[in-house]
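See below for the structure under consideration.
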Amino acid sequence: MENWWILYFLCFSFYGMSQERCYVPTHQEALSLSDPNFLLDQANREAILARQSNAFARNGALTIPVVFHLVGISGSYFPSDQLVLSQLDVLNEDYGFQNANKDQTPLEVENLAVDMGLRFCLATSDPDGMPTSGIIRTVTDFDCLGNISQVKVGDRPRLYYEDLGGSQAWDPDRYLNIWVTNTCGIYLGFSTFPGTAIPAEDGIIIDPKYFGRSTASGPIPPYNLGRTLTHEVGHYFNLIHIWGNTGCDGDDLVEDTPNQENFYLGCPLYPSSSCGSPDFFFNFMDYSDDNCMTMFTRGQRQRVWNSIAAFRPTLLRDLGCDEIISNSALLVYPNPARDILYFQFNGEPGPIELNIFDSAGRYIFNAQFKNEGARWVDVWDWANGVYFFESVDQKYQGKFIIFN
Ligand SMILES: [Zn+2]
Numbered sequence: 006m007e008n009w010w011i012l013y014f015l016c017f018s019f020y021g022m023s024q025e026r027c028y029v030p031t032h033q034e035a036l037s038l039s040d041p042n043f044l045l046d047q048a049n050r051e052a053i054l055a056r057q058s059n060a061f062a063r064n065g066a067l068t069i070p071v072v073f074h075l076v077g078i079s080g081s082y083f084p085s086d087q088l089v090l091s092q093l094d095v096l097n098e099d100y101g102f103q104n105a106n107k108d109q110t111p112l113e114v115e116n117l118a119v120d121m122g123l124r125f126c127l128a129t130s131d132p133d134g135m136p137t138s139g140i141i142r143t144v145t146d147f148d149c150l151g152n153i154s155q156v157k158v159g160d161r162p163r164l165y166y167e168d169l170g171g172s173q174a175w176d177p178d179r180y181l182n183i184w185v186t187n188t189c190g191i192y193l194g195f196s197t198f199p200g201t202a203i204p205a206e207d208g209i210i211i212d213p214k215y216f217g218r219s220t221a222s223g224p225i226p227p228y229n230l231g232r233t234l235t236h237e238v239g240h241y242f243n244l245i246h247i248w249g250n251t252g253c254d255g256d257d258l259v260e261d262t263p264n265q266e267n268f269y270l271g272c273p274l275y276p277s278s279s280c281g282s283p284d285f286f287f288n289f290m291d292y293s294d295d296n297c298m299t300m301f302t303r304g305q306r307q308r309v310w311n312s313i314a315a316f317r318p319t320l321l322r323d324l325g326c327d328e329i330i331s332n333s334a335l336l337v338y339p340n341p342a343r344d345i346l347y348f349q350f351n352g353e354p355g356p357i358e359l360n361i362f363d364s365a366g367r368y369i370f371n372a373q374f375k376n377e378g379a380r381w382v383d384v385w386d387w388a389n390g391v392y393f394f395e396s397v398d399q400k401y402q403g404k405f406i407i408f409n
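At position 35 of the sequence shown (counting the first as 1) the number is 40 in our numbering, and the numbers step up by one without a gap.
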């Protein structure tokens, strides 16, 4: 597409400065310059992926707990809870191919559009097992924390560190971390790719002006339908921009998406072509307006699932966001559980020994927890059903459900 830069100028001069739709290309270029191993590591990750067979082979979607870190200076715009929920709805619709505009997908390629098999929920328990809304609001002294390449102390971007005025990541092995914070007009959204960031800095950043879905107030059109986050979550699970970032020679490493010369802005008409084929400007991994994006492809789903299996495998435990059992002194979660069941004792220093029985009262398992450290039971091979537990000192009793 020859006129992309004119469109770029038209759209972005709106905000008085050039603003990137997505910060990923700039950030990756900086990484490749500063880290001599960056390109090699990238090639190694692709080699690992190539050995992965099709990981998308399950019934039912995988649900990922999300924590939103809303960070801003006093008096700045913090999206409402309602807007956070609208954003979650957008993710679930887009990743389920249940979006209201899915019929805008051109007929010729409709057969490629899929339910990605991913769903998203607000985390219900924090890393310490305490109940949470999954929405954290932090007032900071620093504007523009989203400018992570500049606003930092040493190697540590302030955004990710509580002691520097930011909000600490929750363990990315269990949660998807999304920081909603001012980027000072540098970009709309950004995400780390699997294996490219330390756990404390692994996640997505989005400017509050492009967060959530609302046609009334809040996010700014044409990026007001929540698709900036849909796009960035794609990166988080290893999807590359649909045009491959480097002209007709570039590739997004997905088989069923045609080569494309560059990104699209605005809302092109189908077919719009480059590199000898109609382009997928309606794909979530392009830069078109929110109301013109409609789908992910089957090939993108395969890349996402293989990437989860290879690089973010702990998410496959599917801890979800189910309600936790609480008798104030003890939390047991998730419930129902599959794979792993966590016990969180509050204010209990000593060793604890639990006996677990099935619903018929038959003894099943003895769990001994030392003073500190992990208090969990591996239940992946347990039969589905209701179980009861009781501590040896009879201080704790309760029940939980296994649903593998
Ligand atoms: Zn992007």
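Note that CB positions come from ideal geometry on N, CA and C, so glycine has one too.
Computed from a prediction, not measured in an experiment: that's the story for all the values here.
Where residue i falls: helix, strand or coil (DSSP)
i: D363; result: strand
i: D291; result: coil
i: P162; result: strand
i: F102; result: coil
i: C272; result: coil
i: Q57; result: coil
i: G194; result: strand
i: C253; result: helix
i: G304; result: helix
i: D133; result: coil
i: Q399; result: coil
i: G414; result: No statement about residue 414 is possible, as the shown extent of the chain runs from 6 to 409 and does not include it.
i: E34; result: helix
i: I11; result: Since pLDDT at I11 reaches only 41, below the 50 mark, its modelled position is unreliable, and no value is offered.
i: L258; result: coil
i: E115; result: helix
i: A221; result: coil
i: L321; result: helix
i: V309; result: helix
i: Y2; result: Beyond the ends of the chain as shown, which are 6 and 409, falls residue 2; an answer cannot be given.
i: E25; result: strand
i: V89; result: helix
i: S18; result: Its pLDDT being 39, under 50, S18 is placed unreliably by the model, and the measurement read from it follows with that caveat. Correct three-state label for S18: helix.
i: L150; result: coil
i: A388; result: coil
i: N409; result: coil
Beta carbon of residue i nearer than 9 Å to that of residue j
i: Y192; j: C27; result: yes
i: W175; j: I209; result: no
i: S351; j: F405; result: The question names Ser, but residue 351 in the sequence shown is Asn. Result no, Cβ atoms of N351 and F405 do not sit closer than 9 Å.
i: C401; j: L335; result: Reading off the sequence shown, one finds Tyr at residue 401, where the question assumed Cys. Going by C-beta atoms, Y401 is nearer than 9 Å to L335.
i: I357; j: I369; result: no
i: L258; j: E51; result: yes
i: H236; j: M290; result: yes
i: N187; j: D146; result: no
i: P70; j: Y180; result: yes
i: G139; j: T129; result: yes
i: G271; j: D294; result: yes
i: F102; j: D120; result: yes
i: R124; j: T197; result: no
i: H32; j: F287; result: no
i: G249; j: Q265; result: yes
i: L75; j: P224; result: no
i: N409; j: R343; result: yes
i: N267; j: S277; result: no
i: L127; j: C326; result: yes
i: S312; j: P199; result: yes
i: D141; j: S91; result: Reading the sequence as shown, one finds Ile at residue 141 and not Asp. No, Cβ-Cβ distance for I141 and S91 is not below 9 Å.
i: P5; j: D207; result: No answer is possible for residue 5: the residues shown for the chain start at 6 and end at 409.
i: L346; j: S396; result: no
i: L54; j: A315; result: yes
i: A35; j: S154; result: yes
i: C297; j: Q109; result: yes
i: N59; j: W310; result: yes
i: G390; j: S364; result: yes
i: P263; j: E113; result: no
One or two residues paired with residue i in a DSSP bridge
i: T143; result: V76
i: Q373; result: E358
i: V382; result: L346
i: F394; result: I361, G403
i: F125; result: I69
i: N182; result: V72
i: P283; result: S278
i: K157; result: P162
i: Y215; result: None, per the DSSP bridge assignment.
i: Y82; result: Bridge partners of Y82: none, in fact.
i: Y368; result: F362
i: L230; result: R218
- Message: Closer than 8 Å is the cut-off here; do at least three beta carbon pairs connect the segment 91-109 with the segment 222-240?
- Response: yes
- Task: State whether the segment 38-56 contacts the segment 159-166, with contact taken as three or more CB pairs (one from each stretch) at a distance under 8 Å.
- Result: no
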